[in-house]
Amino acid sequence: MGRANLAGGPFQWKSCDRHVPSRPPFQGKSRAFCRVRGPELRPKARSRTLRVSNLGSLTAPHRFCLKSAETTLRPVHTVHDDIERILISEQEIRAGIDRIALEITSAYHERDFTVVAVLKGSCVFASDLIRRIPVPLELAFLAASSYGKGTTSQDLRINFVPLDSEIAGRNLLLVDDILDTGRTLVRLKREMLDRGAKEVRTCVLLDKPSRRSVDFEADFRCFEVQDLFVVGYGLDFAGRYRNLPYVGALKTAAFERLQGAR
Ligand code: XMP
């Protein structure tokens, strides 16, 4: 059960204290064992999610010991299991970010500017992006969310904006996860200019031009995507999947399961 994925995956480890000898040779040798045999594993709390990551470094007796424990392992459902297909891989994202980081660097290399990350969707993208821009910059956050549920962006609520002192007279680079209808960035850009920003440019990880309902283009964009709801690398559905390291399309079953759970 779960043997094929053992070296890489998270498992739910059920009641395996029965199988793990408590003799000294095994003590403290592997993270998994330490935690399994820790004081928290009382009969009432026998189910623990553990990452068995250091299997390769175990010595033979430990491997033997782990094998017997494997009989009680079963794979946990992970976010990867809900992905129909990967649209933009981790490597592609890295290359895309490197490309626009260069563009941004040359656009701002002699001017002070502030990256304004639009939460929550751009948090992963923005934090990777700023680390590839070697010129001085400041960082600020803005939170915006759409009213309504589902997979289409609707009316926008701006939950908070940076301090006026972070906006007034500044060159701002608004960083968002995806440019869809365009309404969010049009609205946020206008808001920043109304609050006294000197200049506002925009940067997005993904661009869905086929969905545009207003006349707007981002100044910097990494990838164009077709009209398909995507998750991962900061983008969510029902609050989940932001932690996927790639951008992918969700399985229909996952949509239905999460929609049903709301
Ligand atoms: P607009 O339409 O204003 O929308 O350009 C931008 C916001 O809508 C959300 N959005 C998505 N979120 N997968 C997502 O996880 C998508 O395919 C998608 N399309 C739009 C997102 O919050 C974005 O900031």
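First residue of the sequence shown: 5, per the numbering used here; consecutive thereafter.
Note that CB positions come from ideal geometry on N, CA and C, so glycine has one too.
Check your understanding: Should G238 be listed as close to the ligand XMP, given that the test is whether its C-beta is under 6 Å from any heavy atom?
Key -> Walking along the sequence shown from the start, residue 238 turns up at place 234. It does not: the Cβ of G238 is nowhere closer than 6 Å to a heavy atom of the ligand XMP.
Review point. Of the choices L141, I97, L254 and A242, whose alpha-carbon is the least far from that of K124?
Key: Along the sequence shown, read from residue 1 onward, the residue named residue 124 stands at position 120. Comparing Cα-Cα distances from K124 to each of L141, I97, L254 and A242, the minimum goes to A242.
Practice item. Would you kindly work out how many angstroms separate the C-alpha atoms of R89 and V120, rounded to a whole number? Key: Here the question's residue 89 lines up with position 85 in the sequence shown. Here the question's residue 120 lines up with position 116 in the sequence shown. A direct Cα-Cα distance of roughly 31 Å separates R89 from V120.
Point to revise | Local Cβ density within 10 Å of P166, reported as buried at 16 or more and exposed below that | key: As a first step, residue 166 is located in the sequence shown; it is residue number 162 there, counting from the start. By the neighbour-count rule (16 or more Cβ atoms within 10 Å), P166 is buried.
Exercise for review: Counting only runs of 4+ residues fully inside the segment 169-235, write out the alpha helix (DSSP H) ranges in chain order.
Suggested key: Listed in chain order, the complete alpha helix (DSSP H) runs (minimum 4 residues) inside the segment 169-235 are 187-198.
Exercise for review: May I have the straight-line CA-CA distance separating K71 from I101, to the nearest angstrom?
Suggested key: Indexing the sequence shown from 1 puts residue 71 at position 67. Indexing the sequence shown from 1 puts residue 101 at position 97. Its pLDDT being 42, under 50, K71 is placed unreliably by the model, and nothing is read from it.
Exercise for review: Starting from V119, follow its DSSP beta bridges and name the residues at the other end.
Suggested key: Position 115 of the sequence shown, counted from the first residue, corresponds to residue 119. Beta-bridge pairing links V119 to L143 and L177.
Review point. Just the Cα atoms here: how many angstroms apart are D168 and S126?
Key: As a working note, residue 168 is residue 164 in the sequence shown. As a working note, residue 126 is residue 122 in the sequence shown. About 21 Å.
Practice item. Specify the secondary structure class of Y112 as computed by DSSP and reduced to three states. Key: Numbered from its first residue, the sequence shown carries residue 112 at position 108. If DSSP states are grouped into helix, strand and coil, Y112 belongs with the helices.
**Study point:** Beta-ladder partner(s) of V251, from DSSP
**Key:** Here the question's residue 251 lines up with position 247 in the sequence shown. Looking at the DSSP output, V251 bridges to I92.
Exercise for review: Mark V40 as exposed unless 16 or more other C-beta atoms lie within 10 angstroms of its C-beta, in which case mark it buried.
Suggested key: Here residue 40 refers to the residue found at position 36 of the sequence shown. Residue confidence for V40 is low, a pLDDT of 38 falling below 50, so the modelled location carries little weight and cannot support an answer.
Exercise for review: Find the nearest neighbour of L146 within the set Q230, L160, A253 and E260, judged by alpha-carbon distance.
Suggested key: Taking the sequence shown and counting its residues from 1, the one referred to as residue 146 is at position 142. Here the closest residue by C-alpha is L160.
**Study point:** Residue span of the alpha helix (DSSP H) that contains F129, given as start and end
**Key:** Within the sequence shown, the letter at position 125 stands for residue 129. C127 to I134 is the span of the alpha helix (DSSP H), which, as asked, contains F129.
Point to revise | Contact between the segment 237-253 and the segment 214-225 (3+ Cβ pairs under 8 Å) | key: No, because fewer than three Cβ pairs between the segment 237-253 and the segment 214-225 fall closer than 8 Å, the two stretches do not touch.
Point to revise | Sequence-distant residues of its chain with Cβ nearer than 6 Å to A257 (five each side left out) | key: Your numbering for residue 257 matches position 253 in the sequence shown. Annotation for A257: no residue places its beta carbon closer than 6 Å to its own, counting only its chain and skipping 5 residues before and after.
Point to revise | R136 versus E96 - alpha carbon distance | key: In the sequence shown, residue 136 corresponds to position 132, counting from 1. In the sequence shown, residue 96 corresponds to position 92, counting from 1. Their backbone Cα atoms lie some 15 Å apart in a straight line.
**Study point:** L143 Cβ short of 6 Å to the ligand XMP heavy atom set
**Key:** Position 139 of the sequence shown, counted from the start, is the residue given in the question as residue 143. Answer for L143: no, Cβ out of range of the ligand XMP.
Exercise for review: Excluding the 5 residues preceding and the 5 following G238 in the sequence, name in chain order all residues of the same chain whose CB lies nearer than 8 Å to its CB.
Suggested key: The sequence position of residue 238 within the sequence shown is 234, counting from 1. Cβ contact annotation for G238 (same chain, cutoff 8 Å, sequence separation greater than five): K124, G125, S126, C127, V128, F129, D181, L209 and R246, in chain order.
Point to revise | Inter-residue CB distance, K202 and L178 (contact presumed, cutoff 8 Å) | key: Reading the sequence shown from its first residue, position 198 is the one you call residue 202. Reading the sequence shown from its first residue, position 174 is the one you call residue 178. Not a contact, Cβ separation roughly 14 Å.
Review point. Would the beta-carbon of A148 fall within 7 Å of that of I162?
Key: Position 144 of the sequence shown, counting from 1, holds the residue named residue 148. Position 158 of the sequence shown, counting from 1, holds the residue named residue 162. Result yes, Cβ atoms of A148 and I162 sit closer than 7 Å.
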